[in-house]
Amino acid sequence: MQIPNFKNVHNRFKLNGYHFTREQLNDVAYTFIKEGKPSEVSVGNFLLDWLDDSEYVTVKTSGSTGKPKSIQIEKNKMVNSAIATANHFKLEVGDRALHCLSADYIAGKMMLVRALILGLEIDIVPPDRYPLMYNEKEYDFCAMVPMQVQSSLDELNRVKKLIVGGAQMKPSLKSELQKVSTYVYETYGMTETITHIAARKVNKFKKGKENPYFKALPGVTLKTDERGCLVIHAPQISDEEVVTNDVVNIITHKKFEWLGRIDNTINSGGIKLFPERVEAKLNTITKPFFVTGIPDETLGEKLVVVVEGKAELAQDVKEQVAAADLERYEVPKDVVMLPKFIRTANDKIQRSETAALIHS
35 MQIPNFKNVH NRFKLNGYHF TREQLNDVAY TFIKEGKPSE VSVGNFLLDW LDDSEYVTVK
95 TSGSTGKPKS IQIEKNKMVN SAIATANHFK LEVGDRALHC LSADYIAGKM MLVRALILGL
155 EIDIVPPDRY PLMYNEKEYD FCAMVPMQVQ SSLDELNRVK KLIVGGAQMK PSLKSELQKV
215 STYVYETYGM TETITHIAAR KVNKFKKGKE NPYFKALPGV TLKTDERGCL VIHAPQISDE
275 EVVTNDVVNI ITHKKFEWLG RIDNTINSGG IKLFPERVEA KLNTITKPFF VTGIPDETLG
335 EKLVVVVEGK AELAQDVKEQ VAAADLERYE VPKDVVMLPK FIRTANDKIQ RSETAALIHS
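And the structure:
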């Protein structure tokens with residue numbers, strides 16, 4: 035059996051319905067770059083990077099947890115990541131996949147790598163809000179961000195397995211997903227781990243109840259450091275352990291419950307609050323929002339909810355907060371309205387930069 039290598043293109047690989055050899059893909063890449071739409075230019079650029087003689091690919095981080103930066107990732111480790119995904123989600127040769135993410139970032143790059151290495155038949159559509167509106171085909175596998183999932187609910191039954199990443203899914207979206215036939219998985223990962231290293235089901239629960247735990251992919255083991263943050267041991271995709279800023283409850287060396295980011299933790303009157311957990315309960319708020327802590331003489335930090343919208347909507351938001359099922363210490367002390375949030379290039383809210391606008 036031939037060991038998968040980044041220099042191999044699977045003989046069952048298809049792009050937009052056509053099989054291409056490694057040599058032919060070079061021509062396709064140049065055509066995308068010269069004549070394609072912006073999203074196809076990104077695909078073309080990545081294909082040229084993948085097909086060159088270098089053993090590494092340069093990848094941009096999203097900038098959601100700090101300044102965007104470029105890092106080098108070994109191509110054969112990207113191959114290992116693709117194989118782990120195939121094993122975890124039971125992908126098979128010839129499965130049909132939809133590519134609807136920007137190939138400028140690791141998630142979009144890895145969809146292409148999976149197709150090339152695993153022998154998937156992949157169709158490329160623009161990475162916009164409505165990825166399933168471009169054709170009426172059925173797909174075995176797809177990756178989306180929550181915004182795309184929300185906009186595709188009526189068409190989602192055409193996808194058998196869907197992985198969702200890039201941002202948290204709101205409880206209201208998870209509730210909607212109980213109605214679809216698609217198997218939907220929330221993923222955990224980052225650029226440094228070559229996308230996801232763990233996943234959990236969002237619907238179709240065996241015992242009828244949501245499982246809050248992420249399960250690690252094959253070859254990945256987990257532990258925490260002295261801060262209580264997740265440390266990832268995955269030698270097939272990273273030579274060194276990946277130390278995160280995510281506070282977790284370790285259930286086993288393969289399972290964990292995600293609590294929130296340590297840099298977002300709020301200490302209010304001696305009580306540690308994880309904004310992400312509070313936000314999950316504030317599914318009554320209809321506008322884009324996040325919770326944060328601002329200085330307070332009595333509490334040290336007080337919990338506030340920051341909402342994107344006009345100032346005159348503050349009262350409506352307060353009523354929506356009052357309707358949420360919150361513990362006493364989780365109730366925001368105030369509502370702050372901002373006309374526009376600061377976001378990354380792939381539409382993630384930059385919390386610290388946006389929160390700084392409160393005092394500007």
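Letter by letter, the sequence shown follows residues 35 to 394 in our numbering. Even glycine gets a Cβ: it sits at the ideal position worked out from N, Cα and C. Computed from a prediction, not measured in an experiment: that's the story for all the values here.
Could you tell me whether the Cβ atoms of residue i and residue j are closer together than 8 angstroms?
{"i": "residue 216", "j": "residue 256", "result": "no"}
{"i": "residue 249", "j": "residue 232", "result": "yes"}
{"i": "residue 102", "j": "residue 92", "result": "no"}
{"i": "residue 157", "j": "residue 50", "result": "yes"}
{"i": "residue 276", "j": "residue 221", "result": "no"}
{"i": "residue 137", "j": "residue 150", "result": "no"}
{"i": "residue 141", "j": "residue 200", "result": "yes"}
Helix, strand or coil for residue i? Go by DSSP, reduced to three states.
{"i": "residue 44", "result": "coil"}
{"i": "residue 106", "result": "strand"}
{"i": "residue 252", "result": "coil"}
{"i": "residue 323", "result": "strand"}
{"i": "residue 136", "result": "coil"}
{"i": "residue 395", "result": "Since the displayed the chain opens at 35 and closes at 394, residue 395 lies outside it and no answer follows."}
{"i": "residue 274", "result": "coil"}
{"i": "residue 67", "result": "helix"}
{"i": "residue 213", "result": "helix"}
{"i": "residue 157", "result": "strand"}
{"i": "residue 219", "result": "strand"}
{"i": "residue 152", "result": "helix"}
{"i": "residue 173", "result": "strand"}
{"i": "residue 142", "result": "helix"}
{"i": "residue 60", "result": "helix"}
{"i": "residue 99", "result": "Residue placement at residue 99 is flagged as unreliable, the pLDDT there being 49, under the threshold of 50; a coordinate-derived value is accordingly withheld."}
{"i": "residue 117", "result": "helix"}
For residue i and residue j, I'd like the C-alpha separation in whole angstroms.
{"i": "residue 167", "j": "residue 211", "result": "18 angstroms"}
{"i": "residue 35", "j": "residue 263", "result": "For residue 35, the predicted structure reports a pLDDT of 41, less than 50, and the residue's modelled location is therefore unreliable. The matter cannot be settled from this model."}
{"i": "residue 301", "j": "residue 315", "result": "19 angstroms"}
{"i": "residue 175", "j": "residue 366", "result": "40 angstroms"}
{"i": "residue 130", "j": "residue 171", "result": "9 angstroms"}
{"i": "residue 384", "j": "residue 377", "result": "5 angstroms"}
{"i": "residue 347", "j": "residue 359", "result": "21 angstroms"}
{"i": "residue 182", "j": "residue 381", "result": "12 angstroms"}
{"i": "residue 127", "j": "residue 85", "result": "21 angstroms"}
{"i": "residue 292", "j": "residue 388", "result": "24 angstroms"}
{"i": "residue 295", "j": "residue 310", "result": "8 angstroms"}
{"i": "residue 72", "j": "residue 66", "result": "9 angstroms"}
Taking the DSSP output, what are the residues bridged to residue i?
{"i": "residue 368", "result": "338"}
{"i": "residue 330", "result": "334"}
{"i": "residue 302", "result": "305"}
{"i": "residue 294", "result": "281"}
{"i": "residue 229", "result": "224"}
{"i": "residue 94", "result": "104, 139"}
Contact check, residue i vs residue j under 8 angstroms by CB: the rounded distance?
{"i": "residue 322", "j": "residue 353", "result": "Contact flag wrong, Cβ pair sits at about 18 angstroms."}
{"i": "residue 312", "j": "residue 326", "result": "Between residue 326 and residue 312 the Cβ distance is about 10 angstroms, and since that is not below 8 angstroms, they are no contact."}
{"i": "residue 214", "j": "residue 198", "result": "Contact doesn't hold; Cβ gap of about 12 angstroms is too wide."}
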